[in-house]
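Presented below is the structure to which this report refers.
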DNA sequence: GCCCCTATGTGGGATACCGTACAGACAACG
DNA sequence: CGTTGTCTGTACGGTATCCCACATAGGGGC
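Chains as they are written, first to last, in my numbering: chain A, 7 to 257; chain B, 7 to 257.
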């Protein structure tokens, strides 16, 4: 948290061409996102879009009976609020901060205006949306076919990719909500990973000891999504006036 | 199959403003889509987009080990090939004809050109994409939390909505592939529905006897998606020169 | 140091679904 | 009219996950 905040920490903002970035940047507000904060409620009108930098946001779908499942994750690689420019104005899902941190907020109208110029911003956002769709569909299949333990690995790796550290703050209860399973199921899976010395667990703090080991234990879904994100978003033009620091996507 | 074919049978085509429709219509090819035909393979380049009229297409995701799951359905309400204009050029999913019929095919480049005019076609297609995203996310949650029987009901209702008849041609094996479960699981669920006199089953032919009964047996997922489709696509402007025949979405 | 709350671990019974194997039944085709 | 292949029904054991109940343990406030 001592690192200075910069809009370039968000890959989409960093990928904006200079002209577009300069139009938007005066309106970007840095905000803090505490763990558990609800940024969008299901069905609510979107007033802002969010560009996470150090925070991670979970798109959760909640059923009538309270059961839930995570359908996608948004971190410093993306943006929260795609339904704004897709035309719906509302989302059918809830957005919850899943890892505390910071992000930039932008007024919904301003983003819409920029989108409607039908220039590079539109193309960039649609590409990102396409990548997000891949993540959602992969989640659908993963929910059907893979074990809790595999999904826990995926969940941890998705989190690691969006953080610079290898220690994660998430209770088993929170993870259970995201995976749409019981807390006890997570306890068991986490116990297995701990016995295999892949992670160390302690009251809401997970330390990843062996990332390559996690990558061996995870299902194919993780890599598929990662590769698709890279394919769709790695060749996007970067702003020419500075370089991206830290977590740039691996080639 | 004796009904004359018209582009207006596809709701998206019917919703195009006159000018846009006139630009595209000379290039629309009516094609027949036999059951089981693969229109897109996972990872393949898209040469055409498809506007189904009487056919129904399944977006299937196939895992490395051959296991599969349906992530969305496209019928006369939509279009197949969104990743074309979203920027990816390829899809990570397979598109299979799940109910034989007809549809119109359009050259990929022509659709892209029209999309890039950034006019009503772009807005219409993005709205449709948003609706499709809802369907995908709902499928993800449904896969996690609902029983095979509920999902079978959903599958049948999705099919009915896209056909004018109430008899469906699908083997239990095909359904099992789409739901991502064993064939025997479908046999059992279908047996239950048959004993409850909701459907009648016979070697690949399902006759729906009691649609209201199916709607009572299905999970919430069906209605959520339907409502969202209506919300996003019901108020789209229709072509002013003719009326839509048949299967218009119920209000 | 003590208390309470939250987080985690454990266990036993129920259930939904899977994997496999096989039997009957209908249709198409010779 | 029989053969063959496809489609459907059934049965049995195995397993992952669920549901419920309860035990344990660390941490913060007092």
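For glycine and all other residues, C-beta sits at the position ideal for the given N, C-alpha and C.
As the structure is a prediction and not an experimental result, all values here were calculated from the model.
Starting from the Cα of residue 43 of chain A, find the closest Cα among A:212, A:180, A:83 and give me that residue. Start at 1 with the first residue of the first chain, and residue 43 of chain A comes out as number 37. Nearest C-alpha to residue 43 of chain A: A:180.
If you draw a straight line from the alpha carbon of residue 200 of chain B to that of residue 207 of chain B, how long is it in whole angstroms?
-> Translated into the one-based positions of the second chain, residue 200 of chain B becomes position 194. Translated into the one-based positions of the second chain, residue 207 of chain B becomes position 201. One C-alpha to the other measures close to 7 Å.
Spatial distance of residue 35 of chain B from residue 105 of chain B (CA atoms): Counting from one through the second chain, the residue named residue 35 of chain B turns up at place 29. Counting from one through the second chain, the residue named residue 105 of chain B turns up at place 99. Each residue's Cα considered, the two are about 19 Å apart.
- Whose Cβ in chain B lies nearer than 7 Å to the Cβ of residue 149 of chain A? As a working note, residue 149 of chain A is residue 143 in the first chain. Those within 7 Å of residue 149 of chain A in chain B are 146, 149, 150.
Quiz item: When the Cα of residue 77 of chain B is compared with those of A:228, A:109, A:211, A:139, which residue comes out closest?
Solution: Residue numbering aside, residue 77 of chain B sits at position 71 when the second chain is read from its first letter. For residue 77 of chain B, the nearest C-alpha among the options comes from A:139.
Could you tell me the alpha carbon to alpha carbon distance between residue 15 of chain B and residue 101 of chain B, rounded to whole angstroms?
Within the second chain, the letter at position 9 stands for residue 15 of chain B. Within the second chain, the letter at position 95 stands for residue 101 of chain B. C-alpha separation (whole angstroms): 20 Å.
Item to complete: Give the residues from the stretch 210-232 of chain A that approach chain B closer than 8 Å (Cβ to any Cβ), ordered along the chain.
Response: 226, 230
Just verifying my parser: in three-state terms, what is the DSSP assignment at residue 82 of chain B?
The residue you call residue 82 of chain B lines up with position 76 of the second chain. Reduced to three states, the DSSP call for residue 82 of chain B is coil.
Check your understanding: If you draw a straight line from the C-alpha of residue 237 of chain B to the C-alpha of residue 172 of chain A, how long is it?
Key -> Working through the second chain from its first residue, we reach residue 237 of chain B at position 231. Working through the first chain from its first residue, we reach residue 172 of chain A at position 166. For residue 237 of chain B and residue 172 of chain A, the distance between alpha carbons rounds to 43 Å.
Next on the checklist: Whole angstroms are fine: how far does the CA of residue 28 of chain A sit from the CA of residue 22 of chain A?
Outcome noted: In the first chain, residue 22 of chain A corresponds to position 16, counting from 1. In the first chain, residue 28 of chain A corresponds to position 22, counting from 1. Approximately 9 Å between the Cα atoms of the pair.
> Which word fits residue 251 of chain A, buried or exposed, when buried means at least 16 other C-beta atoms lie within 10 angstroms of its C-beta?
Replying inline: The residue labelled residue 251 of chain A in the question sits at position 245 within the first chain. Note that residue 251 of chain A scores 41 on pLDDT, short of 50, meaning its location in the model is unreliable and no value can be drawn from it.
| task | Determine the closest residue to residue 137 of chain B out of A:203, A:151, A:82, A:95, with distance taken between C-alpha atoms. | result | Mapped onto the second chain, residue 137 of chain B falls at position 131. The residue with the shortest Cα to Cα distance from residue 137 of chain B is A:95.
field: Pair within 8 Å by beta-carbon distance, residue 30 of chain B and residue 116 of chain B
entry: Stepping through the second chain from its first residue, residue 30 of chain B is reached at position 24. Stepping through the second chain from its first residue, residue 116 of chain B is reached at position 110. Result yes, Cβ atoms of residue 30 of chain B and residue 116 of chain B sit closer than 8 Å.
message: Restricting to runs no shorter than 3 residues, where is the beta strand (DSSP E) found entirely within the stretch 83-147 of chain A?
response: 100-105, 107-113
On a Cα-Cα basis, can you pick out the residue from A:174, A:192, A:190 that is closest to residue 6 of chain A?
Since the first residue of chain A shown is 7 and the last is 257, residue 6 of chain A is not available in this structure.
Handout entry: 8 Å Cβ cutoff, residue 176 of chain A in contact with chain B
Key = Against the first chain, residue 176 of chain A aligns to sequence position 170. Answer no: the Cβ-Cβ gap between residue 176 of chain A and chain B never drops below 8 Å.
*From this set, A:148, A:75, A:165, A:25, which residue's C-alpha is nearest residue 59 of chain A's C-alpha?*
Position 53 of the first chain, counted from the start, is the residue given in the question as residue 59 of chain A. Answer by Cα proximity: A:165.
**Q.** CB-CB length for residue 45 of chain B against residue 63 of chain B, believed under 8 Å
**A.** One-based indexing of the second chain puts residue 45 of chain B at position 39. One-based indexing of the second chain puts residue 63 of chain B at position 57. 6 Å between Cβ atoms; contact.
Exercise. What did DSSP end up calling residue 231 of chain A once you bin it into helix, strand or coil?
Worked result: One-based indexing of the first chain puts residue 231 of chain A at position 225. Three-state DSSP puts residue 231 of chain A in a helix.
Going along the chain, which residues of its own chain have a beta-carbon closer than 6 Å to the beta-carbon of residue 192 of chain A, five neighbours each way excluded?
Stepping through the first chain from its first residue, residue 192 of chain A is reached at position 186. Cβ neighbours of residue 192 of chain A beyond the five flanking positions: 178, 181, 182.
Buried or exposed by the 16-neighbour rule on C-beta atoms within 10 Å, applied to residue 24 of chain B | What you label residue 24 of chain B is simply residue 18 of the second chain in a count that begins at 1. Answer is exposed; the Cβ neighbour count stays below 16.
*Given that a residue counts as buried once 16 or more other Cβ atoms are within 10 Å of its Cβ, and exposed if not, what is residue 154 of chain A?*
Taking the first residue of the first chain as position 1, residue 154 of chain A is located at position 148. Buried, by the Cβ-count rule.
Item checked: residue 196 of chain A (DSSP reduced to helix, strand or coil) -> Start at 1 with the first residue of the first chain, and residue 196 of chain A comes out as number 190. Correct three-state label for residue 196 of chain A: helix.
Could you check the C-alpha separation between residue 227 of chain B and residue 48 of chain A for me, to the nearest Å?
-> Along the second chain, read from residue 1 onward, the residue named residue 227 of chain B stands at position 221. Along the first chain, read from residue 1 onward, the residue named residue 48 of chain A stands at position 42. Roughly 15 Å separates the two Cα atoms.
Exercise. Under the DSSP definition of a beta bridge, which residues are partnered with residue 205 of chain B?
Worked result: Position 199 of the second chain, counting from 1, holds the residue named residue 205 of chain B. Per DSSP, B:214.
> At what residues does the beta strand (DSSP E) containing residue 18 of chain B begin and finish?
Replying inline: Counting from 1 along the second chain, the entry for residue 18 of chain B is found at position 12. From DSSP, residue 18 of chain B is part of no beta strand (DSSP E) but of the alpha helix (DSSP H) over 17-21.
Margin query: For residue 186 of chain B and residue 152 of chain A, which I take to be in contact (beta-carbon distance under 8 Å), what is that distance rounded to the nearest angstrom?
Written below: Counted from its first residue, the second chain places residue 186 of chain B at position 180. Counted from its first residue, the first chain places residue 152 of chain A at position 146. At roughly 11 Å, the Cβ-Cβ gap does not stay under 8 Å, so residue 186 of chain B and residue 152 of chain A are not in contact.
**Item:** Whole-angstrom C-beta distance between residue 146 of chain A and residue 146 of chain B, which should lie under 8 Å
**Value:** Within the second chain, numbered from 1, the residue matching residue 146 of chain B stands at position 140. Within the first chain, numbered from 1, the residue matching residue 146 of chain A stands at position 140. Right, their Cβ atoms sit about 4 Å apart.
inquiry  = So, under 8 Å CB-CB, residue 38 of chain B and residue 108 of chain B are touching, yes? Tell me the CB distance rounded to an integer number of Å.
reply    = One-based indexing of the second chain puts residue 38 of chain B at position 32. One-based indexing of the second chain puts residue 108 of chain B at position 102. Correct: roughly 6 Å between the Cβ atoms.
Give the DSSP-derived three-state secondary structure of residue 51 of chain A in the structure shown. The count along the first chain starts at 1 and reaches residue 51 of chain A at position 45. Note: residue 51 of chain A maps to strand in three-state DSSP.
* Asked: Looking at chain A, which residues of the stretch 44-77 of chain B have a Cβ within less than 7 Å of any of its Cβ atoms?
  -> 67, 69, 70, 73, 75, 77
Checklist line | Spatially closest choice to residue 75 of chain A from B:211, B:148, B:85, by CA coordinates | finding: Sequence index remark: in the first chain, residue 75 of chain A carries index 69 (1-based). Comparing Cα-Cα distances from residue 75 of chain A to each of B:211, B:148, B:85, the minimum goes to B:148.
For this session: Using alpha carbons as the reference points, say which of A:40, A:224, A:142 lies closest to residue 195 of chain A.
Result: Residue 195 of chain A sits at position 189 when you count from the first residue of the first chain. The shortest C-alpha separation from residue 195 of chain A is found at A:224.
Margin query: Is there a Cβ of chain B sitting closer than 8 Å to that of residue 105 of chain A, yes or no?
Written below: Your numbering for residue 105 of chain A matches position 99 in the first chain. No, residue 105 of chain A lies away from the interface with chain B (no Cβ there is under 8 Å from its Cβ).
Practice item. Check residue 254 of chain A in the structure and name its three-state DSSP category. Key: On the first chain, residue 254 of chain A is found 248 positions in, with the first residue counted as 1. Note that residue 254 of chain A has pLDDT 42, beneath the 50 cutoff, so the model's placement of it is unreliable and no number is given.
query = Under a Cβ-count criterion, where at least 16 other Cβ atoms within 10 Å of its own Cβ denotes burial, should residue 133 of chain A be classed as buried or exposed?
reply = The sequence position of residue 133 of chain A within the first chain is 127, counting from 1. Its Cβ being crowded by 16 or more others within 10 Å, residue 133 of chain A is buried.
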